[in-house]
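Some notes on the structure that comes next.
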Amino acid sequence: MKSTFFSILMLMAVFSLGGISRAETDSVVARGDWGEITAVELGEARRGNPAGASDEILIQVLARQHLAAAKALEEKLDERPDIRWRLWLAEQRAGSQEFIQERIVSGVKATPEELRAAYQERLGRYVTPETFSFRYIFSDTTECNSPAEVAKVKERIDRALAELLEPLGPDPKRPWMVHLDLFNEVAKEYSTVKGDPTRVAGPFKLDEPLQAAIKQTALALKTGEVSEVVSTKYGYEILRLENRVSAATKEFETVIGELEREIASKKREDAVDAYYQSLRDADERWDIYVERFVFLLPGAHREVPSTTYVARIGNRHWLPEELRDFMRAGGAAAGEGS
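The sequence shown begins at 6 in my numbering and counts up one residue at a time.
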């Protein structure tokens, strides 16, 4: 019982850090009066150590755990009903995790057909819609009180357009391609927009709400081209198309890894759920002492069991060791003593 107690205490510490890796050997990496530390224990401690502590520190921590377990044995804590119960649970949990990994989810993966179907179902996730962005010079007319004042605003933005087109010569033909530095320079002088007059508007998707005159004008331009003066809801604007990105769809081959992880994970969850449901469907003859599990619940009152019994089958109460042997024997002795 003592060796079992010692090993299960270590299981409670080690298994909380993750599953045992078969790629690691069980060679001893440290030894003392308190016992031995194996490569498996150290490897699991490394994986559960986000702070990146050195192996020396991890071995010290594991050694203290061994010492604590040895002290618990001296105090005969392994004979207390609540400790025996918790040790049994730790053993069952460790075995259950290994069983599920080996027998239930091992080899579960997505088939090529499932991957193709998943790609089609999630196609919207992999589509990048067409977008456009632009810079603009804005003249505000919302403060104008007369047609004459509006005319002055229009005259001012017409001068801005003339300065933009000046390097293109007299009577330039479309498209009017204007260098960005010149556009920003003119925007700083003439634009009445609040904030940075050289900022970019967008990117906008084609279905986003935007004034029709502005959207139609921007989409008719080439990248780097400026528009005529456009009348808008709040005044006048000159647009310069900054960028236009065509719609694109990620190819199946570029997302297959993501799909494999997602589909396989869901299939593993379904396999485990189905396994647990099969257990529930076959447990009519079991009377599980549910109240024993209360201390496992977050925030629950940690009650101390008054006995070490974990289950009743028929009229017989079972100790942890008896139930374990019963399970290992495949339930052959189920009728005995019932």
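Note that CB positions come from ideal geometry on N, CA and C, so glycine has one too. Note that the structure is predicted; figures quoted are calculated from it, not measured.
- Of the residues assessed, ILE62 falls on the exposed side of the cut-off, its CB having fewer than 16 other CB atoms within 10 angstroms.
- The criterion of a C-beta distance shorter than 8 Å is not satisfied by LYS227 and PRO172.
- The three-state reading of DSSP puts ASP60 in helix, counting H, G and I together.
- Straight across, the Cα-Cα distance linking VAL260 with GLN106 is about 26 Å.
- Taking the Cα of CYS149 as reference, the smallest distance to any Cα among TYR239, THR254, GLY174, ASP201 is reached at TYR239.
- Residue pairing by DSSP places ILE142 opposite ILE243 in a beta bridge.
- Each of ASP145, VAL231, ASP176, LEU120 was checked against the Cα of ASN248, and the nearest Cα belongs to VAL231.
- Between the C-alpha atoms of SER151 and VAL158 there is a straight-line separation of about 11 Å.
- Spatial neighbours of ASN189 in its own chain (CB-CB distance under 7 Å, excluding positions within 5 residues in sequence) are listed in chain order as THR203.
- Between the alpha carbons of GLU135 and GLU267 lies a gap of roughly 27 Å.
- DSSP places ARG161 inside the alpha helix (DSSP H), whose first and last residues are 152-170.
- Rounded to whole angstroms, the gap between the alpha carbons of SER270 and LEU170 is 60 Å.
- Using a C-beta cut-off of 8 Å, the segment 208-217 makes contact with the segment 135-144, since at least three inter-stretch Cβ pairs fall below that distance.
- Between ILE142 and ILE243 a beta carbon distance of about 4 Å is seen, short of the 8 Å cut, so the two are scored as contacting.
- Contact between VAL250 and VAL110 is absent: CB atoms are separated by about 42 Å, not below the 8 Å threshold.
- Bridge partners of THR43 according to DSSP: VAL33.
- Only residues of its own chain outside the window of five on either side were considered, and among them PHE209 have a CB closer than 8 Å to the CB of LEU215, listed in chain order.
- By a beta-carbon distance limit of 8 Å, VAL234 does not contact ASP186. Their separation comes to about 21 Å.
- When beta bridges are read from the DSSP output, LYS210 appears opposite THR136.
- Residue burial is scored here from C-beta neighbours: ALA192 has at least 16 other C-beta atoms within 10 angstroms and is therefore classed as buried.
- The bridge partners DSSP lists for SER236 are TYR241.
- Ranked by Cα distance from THR222, the options ARG36, ARG245, GLY262, TYR280 are led by ARG245.
- DSSP places GLU258 within a helical segment (H, G or I) once states are collapsed to three.
- Going by C-alpha positions, GLU256 is about 12 Å away from ARG130.
- By the Cβ neighbour-count rule, LEU92 is buried, with 16 or more other Cβ atoms within 10 Å of its own.
- When secondary structure is reduced to three states using DSSP, ARG127 falls in the coil class, being assigned neither helix nor strand.
- For the options ARG127, ALA253, ARG121, LEU166, the alpha carbon positioned closest to that of GLU194 is the one of LEU166.
- Closest option to TYR281, judged by alpha-carbon separation, among PHE104, LEU94, GLU126, ARG161: PHE104.
- In the three-state reduction of the DSSP assignment, ALA279 falls in the helix class, which pools H, G and I.
- Out of ARG52, LYS114, GLN65, the CA that lies nearest to the CA of GLU274 is found in LYS114.
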